[in-house]
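A short write-up of the structure that comes next.
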Amino acid sequence: MSQAVRWVDALSLDELWEGDIADVELDGEPVLLVHLPGGSIKAYQGLCPHQEVLLVDGEWDESTGRLLCSGHRWEFDLRTGAGINPAGCQLYQYRVAVSDDKVRVGIAQDGLSHHHRASSSERAQS
Ligand code: FES
Numbered sequence: 751m752s753q754a755v756r757w758v759d760a761l762s763l764d765e766l767w768e769g770d771i772a773d774v775e776l777d778g779e780p781v782l783l784v785h786l787p788g789g790s791i792k793a794y795q796g797l798c799p800h801q802e803v804l805l806v807d808g809e810w811d812e813s814t815g816r817l818l819c820s821g822h823r824w825e826f827d828l829r830t831g832a833g834i835n836p837a838g839c840q841l842y843q844y845r846v847a848v849s850d851d852k853v854r855v856g857i858a859q860d861g862l863s864h865h866h867r868a869s870s871s872e873r874a875q876s
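Whatever position you read off the sequence shown (first residue = 1), add 750 for the numbering used here.
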């Protein structure tokens, strides 16, 4: 059975140039938008799985697709949402649709948290 998704307008493409990242709050959820070189757009949880610092405040390198969290320098690959350091820490990924220059994000209506947290032992690291 397909899962119900509510599509929410996030930004226009004029507000999210290729190579940019941006944070938005959609339906009360912090979301990180990424416009990758080449045109693909991704949406991930907006807060770090470690200790919930805003990911948009991190150091973003569009050429490698890597983001270093400003909190304690955990590193993520924003092409996939995968944790690089530490590995095995996957960002929650939302569905994205683009039409008429509008970026829309699909919020699953599943009653679950759309935010992955690191394990408690990983969260204790800094
Ligand atoms: S809050 Fe992101 S690395 Fe600690």
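C-beta: ideal position from N, C-alpha, C; glycine also.
- According to the DSSP assignment, E779 belongs to no alpha helix (DSSP H) but to the beta strand (DSSP E) extending over E779 to H785.
- For R845, the shortest C-beta to heavy atom distance toward ligand 1 is 7 Å or greater.
- The segment 854-863 and the segment 809-827 do not touch, with fewer than three beta-carbon pairs separated by less than 8 Å.
- In terms of side-chain proximity, the C-beta atom of G821 is found nearer than 7 Å to a non-hydrogen atom of ligand 1.
- DSSP places E775 in the uninterrupted beta strand (DSSP E) bounded by I771 to L776.
- Distance from L766 to H785 at the Cβ level is roughly 5 Å; contact confirmed, criterion being Cβ atoms closer than 8 Å.
- Ranked by Cα distance from V803, the options W824, G789 and R845 are led by W824.
- At least one heavy atom of ligand 1 falls within 7 Å of the beta-carbon of W824.
- Membership of S870 in the alpha helix (DSSP H) is indicated by the continuous run S870 to R873.
- Distance from the CA of N835 to the CA of Q859, rounded to the nearest whole angstrom, comes to 31 Å.
- For H864, the CB contacts under 8 Å within the same chain, skipping 5 residues up- and downstream, are E779, Q795, Y842, Y844, I857 and A858 in chain order.
- Comparing alpha carbon positions, the residue from R756, Q801 and D770 closest to G788 is D770.
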